[in-house]
Every structure is written in C-alpha cells, then in structure tokens.
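Adding 49 to a residue's 1-based position in the sequence shown gives its number in our numbering.
Just so you know, even glycine gets a beta-carbon here, dropped at the ideal spot from N, CA and C.
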Amino acid sequence: MAGVWLVTGGGGFIGSNLVRAILAKGCRVRVLDNFLTGFRINLAEVLADIELIEGDVRDPATCLRACKGAEVVFHEAALPSVPRSMEDPRASFENNMLGTFNMLLAARDSGVRRFAFAASSSAYGASEELPKRETMPLLPLSPYAADKAGGELYLSMFYRAFGLQTVSLRYFNVFGPRQDPTNQYAGVIAAFASAMIRGRRPTIYGDGSQSRDFTYIENVLRANLLAADAPETHGEVVNVGCGEAIDLNRMVAVLNEILGTNLQPIYAPTRAGDVKHSLADLSATRALLGYEPPVRFADGLRQTLTWYRHAIETGYGGWAKK
Ligand SMILES: NC(=O)c1ccc[n+]([C@@H]2O[C@H](COP(=O)([O-])OP(=O)(O)OC[C@H]3O[C@@H](n4cnc5c(N)ncnc54)[C@H](O)[C@@H]3O)[C@@H](O)[C@H]2O)c1
C-alpha cells in the first residue's frame with residue numbers, strides 16, 4: 050500500500066483545502082499543525098479520515114515523527130505574513146526558515162519520495178520587471194520573503210546534496226474558502242470580502258493602484274497534486290499564479306458588482322515591506338508540471354463570496370461573528 054501524504058500546516062487555509070483534495074484522490078493523509086494561525090474547524094468534517102499530529106515544525110523530533118512512513122510531504126506550515134515578519138523577524142525565521150530545514154532533514158532521513166514547498170512570490174521583492182520569471186534575481190523586502198527564498202535554496206540543495214526530490218511552488222496571493230479574514234494580517238480578498246458582505250467599507254493601504262496575480266485556491270491544489278505526481282523533480286522552483294494582474298481599486302469594483310453594493314474604500318498609508326506589483330509568468334510551470342490554472346479570477350471570487358456568506362451566516366469557527 051502506498052504511504053501517507055503529509056500536509057504540514059494542514060489546519061490552515063491552503064493546507065485544509067489540500068487535505069480534502071488528497072483525500073478525494075484516495076490517498077491516506079496525515080496533518081502536522083500547531084494551530085497557531087490555523088483552525089481546528091477547518092478539519093472538523095474530515096477528522097475521522099485523517100491522522101492529526103498536533104505539533105510544531107520548530108521541533109526536529111516532531112518533524113521526524115510526522116515524516117515516518119510518509120511518501121509525499123507538502124510543507125505548508127508557516128507564519129504566512131509580511132507585516133508580521135517585519136514586527137517579529139525572529140519568529141518568522143524560526144517558523145519559516147528553521148521549520149523548513151527541520152522538515153527537509155526529517156524527510157531525507159525518513160525516505161520521503163517527494164517534498165513540495167509552499168514558496169512565495171514575495172521573494173521577488175524589489176525586482177520591478179513583470180511578469181515575474183523564476184530566473185529573475187530575488188530581492189526580498191521582508192524577513193518573511195527572505196525566509197521563503199531561503200527555503201527554496203535549501204530545497205534545491207537537498208536534491209543536489211542528498212538526492213531528496215524537492216520542488217518549490219511560488220504561490221502568488223492565494224484566496225478562497227477557509228482563508229481567515231479576521232487577524233490583522235489577513236489576505237486582502239478575505240478581509241475585503243468579509244467586510245463588504247457585512248456592508249462595511251474595505252481599507253486599502255496605499256492608493257489602490259498596486260496589483261497582484263490573485264490565485265484561486267483550486268489552482269494551487271492542482272499545482273500541488275501535479276508536483277506530487279510528476280515522474281521526477283530536481284529542486285526546481287516554479288510560479289503558481291493565474292497569470293492575470295488585478296489592482297486593488299478594480300478588486301473593490303468587482304466585489305461591489307457581484308454583491309450589488311457601492312462601498313467606497315478607505316485609503317490608509319502604504320505598509321512597509323509590501324511590493325507594488327506582482328504577476329506570474331507560467332511558462333516554466335507549464336513545462337515542468339503541465340500546469341494550467343483551472344479557475345479564473347472572477348469565477349474564483351464568486352465562489353469565495355458564496356462561501357464567506359455561508360460562513361458568516363453559520364458563525365464558522367467563531368471568527369465569522371466578528
Ligand atoms: N495565502 C497566500 O496567499 C500565500 C502566498 C504565498 C505562500 N503562501 C504559503 O502557503 C502556506 C500556507 O499559507 P496559508 O495562507 O494557508 O496560511 P495559514 O496561516 O492559514 O496556514 C498556515 C498553517 O501553518 C500552521 N503553523 C504555523 N506555524 C507552525 C509551526 N511552527 N508548526 C506547525 N504548524 C504551524 C498554522 O497553524 C496554520 O494552520 C504558508 O507556507 C505560506 O507562507 C501563502
């Protein structure tokens with residue numbers, strides 16, 4: 050029988066969606082999460098079908114326990130926030146950089162077949178050229194971005210030095226169901242959607258002309274499953290985006306259109322560490338994985354709004370009441 054597929058950070062937004070996608074494939078799933086930013090309710094419906102290890106990737110022994118018998122590792126656990134890392138660089142380093150190193154070592158020592166890493170487009174940082182190609186220099190603007198870039202380097206080295214088949218997936222602003230809108234570092238779509246559904250005005254940091262390649266969660270799941278099933282990987286780094294640039298003013302306009310509202314944004318000062326524009330070139334991802342984003346931005350946004358409406362009505366996880 051095939052081994053277990055391990056999802057670190059499986060209680061979080063991306064991880065908990067990935068858990069469901071892997072279960073739908075018929076594979077056995079193990080989750081490692083300390084629920085620092087994730088939620089137990091994200092796993093409530095699938096708890097009987099998975100093995101849950103409540104623990105921390107900062108602890109090498111826990112990483113070894115989680116990797117025992119694992120065939121594939123999807124390393125999603127992180128403190129996933131640029132502003133949070135600006136405030137507490139050490140916490141970012143320990144969770145994001147050291148945590149990744151611990152997981153790589155444990156995977157190597159447990160004979161894992163494939164290791165996929167949740168890398169980040171923030172690693173491109175101050176490089177201004179668009180669209181972003183993987184061959185461009187990395188100029189991180191925040192501890193978080195540097196930790197993610199460092200993780201990629203470690204993944205590629207683990208292939209060359211130790212033969213562990215690794216692959217880094219550079220996610221571009223992911224959004225969709227189960228993304229937490231409440232903490233002060235929330236993803237922008239989660240924050241805007243949950244505010245505007247309640248008739249509240251969204252806050253834009255800056256003038257709203259900054260743009261992102263907003264990527265619906267289904268696209269990220271597709272890339273991960275392709276990365277797990279690819280015949281071989283050799284430490285490659287590939288973008289995972291949608292290939293469409295949307296600026297924040299436009300985003301608010303589209304949300305107003307779908308919701309039938311006319312809520313004007315509140316403009317606040319730009320945040321340190323934020324990049325101005327971001328857009329993925331997907332040719333390397335197509336070549337390596339045969340990846341095509343299955344869901345376009347507007348369709349993903351509609352599905353996301355439907356989910357947030359339902360979550361707010363049902364009081365999902367407590368946060369929906371806030
Ligand atoms: N959401 C995005 O737009 C985006 C973009 C680029 C990269 N990423 C990366 O994708 C991954 C998942 O992000 P997300 O948006 O789902 O965030 P999330 O906060 O919802 O999920 C992260 C999960 O990791 C867990 N975690 C944190 N520190 C841990 C530790 N030390 N040990 C064990 N578990 C720990 C959290 O409890 C949480 O469940 C992260 O690695 C993030 O850096 C996300």
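Let's test the definition: count the other Cβ atoms within 10 Å of the Cβ of G59 and tell me whether it reaches 16, buried, or not, exposed.
Only buried fits G59, as 16 or more other CB atoms lie within 10 angstroms of its CB.
Taking all protein chains shown into account, do 16 or more other C-beta atoms lie within 10 angstroms of the C-beta of G87, making it buried, or fewer, making it exposed?
Note on G87: 16 or more other CB atoms within 10 angstroms of its CB, so buried under the neighbour-count rule.
Ligand 1 heavy atoms versus the CB of G257: any closer than 6 Å?
Answer for G257: no, Cβ out of range of ligand 1.
Using a Cβ-Cβ cut-off of 6 Å (strictly less than) and excluding sequence neighbours within five positions of L146, which residues of its own chain qualify?
The sequence as given places Met at residue 146; Leu does not occur at that position. Around M146: D196, G199.
So for M50, helix, strand or coil by DSSP?
Model confidence at M50 stands at a pLDDT of 47, short of 50, so the residue's coordinates are unreliable; what they give is reported in the following sentence. Residue state, collapsed to three classes: coil.
Around the C-beta of R79, are 16 or more other C-beta atoms found within 10 angstroms, so that it is buried, or is it exposed?
Note on R79: 16 or more other CB atoms within 10 angstroms of its CB, so buried under the neighbour-count rule.
Let me check you understand the geometry: is the CB of Y357 closer than 6 Å to at least one non-hydrogen atom of ligand 1?
Not one heavy atom of ligand 1 is found less than 6 Å from the C-beta of Y357.
Closest by CA to G52, which one among G61, E341, R77, I71?
Ranking G61, E341, R77, I71 by CA distance to the CA of G52 puts R77 first.
Three-state secondary structure assigned by DSSP to T231:
Secondary structure at T231: coil, using DSSP grouped into helix, strand and coil.
Just the C-alpha distance for E362 and T355, rounded to the nearest angstrom, thanks.
Using only the alpha carbons, I get a separation of about 11 Å.
Buried or exposed: L213, going by 16 or more other Cβ atoms within 10 Å of its Cβ?
Only buried fits L213, as 16 or more other CB atoms lie within 10 angstroms of its CB.
Identify, in the order they occur along the chain, each residue of the same chain with its Cβ nearer than 8 Å to the Cβ of V68, setting aside the five sequence neighbours on each side.
Exclusion of the five residues before and after V68 leaves V56, G59, V78, V80, L92, V95, I99 as the residues of its chain whose Cβ lies within less than 8 Å of its Cβ.
State whether the region 319-333 contacts the region 255-263, with contact taken as three or more CB pairs (one from each stretch) at a distance under 8 Å.
Yes, the region 319-333 is in contact with the region 255-263.
Report yes if the C-beta of Y220 is less than 6 Å from at least one heavy atom of ligand 1; otherwise report no.
True, at least one ligand heavy atom lies under 6 Å from that Cβ.
Is T274 near ligand 1, with its Cβ less than 6 Å from a heavy atom?
Looking at the sequence shown, residue 274 is not Thr but Leu. No, since every heavy atom of ligand 1 falls outside the 6 Å radius drawn around the Cβ of L274.
Please find out if some non-hydrogen atom of ligand 1 comes closer than 6 Å to the beta-carbon of E125.
Yes - ligand 1 has a heavy atom lying nearer than 6 Å to the Cβ of E125.
At what residue ranges does the region 291-371 contain a whole run of the alpha helix (DSSP H), taking only runs of 4 or more?
At a cut-off of 4 residues, the continuous stretches assigned as alpha helix (DSSP H) that sit fully inside the region 291-371 are 297-308, 332-338, 346-363.
For S205, does the three-state DSSP call read helix, strand or coil?
In the three-state reduction of the DSSP assignment, S205 falls in the helix class.
Give me whichever residues DSSP pairs with D256 in a beta bridge.
In the DSSP assignment, D256 forms no beta bridge with any residue.
Cutoff 6 Å; reference Q228; Cβ partners in own chain excluding five residues on either side
Within the same chain, Cβ atoms closer than 6 Å to the Cβ of Q228 are found at F62, G236, A239, the five residues on either side in sequence being excluded.
C-alpha gap between E201 and N273, whole angstroms
Roughly 15 Å separates the two Cα atoms.
Own chain, CB closer than 7 Å to G366, minus 5 neighbours either side, in chain order
Cβ within range, chain order: F88, I90.
What does the Cβ neighbour count give for K74, buried or exposed, with the cut at 16 atoms within 10 Å?
Burial call: exposed.
Put T184 into one of helix, strand or coil per three-state DSSP.
T184: coil per DSSP, three-state reduction.
Could you tell me whether the Cβ atoms of L154 and G322 are closer together than 7 Å?
Result no, Cβ atoms of L154 and G322 do not sit closer than 7 Å.
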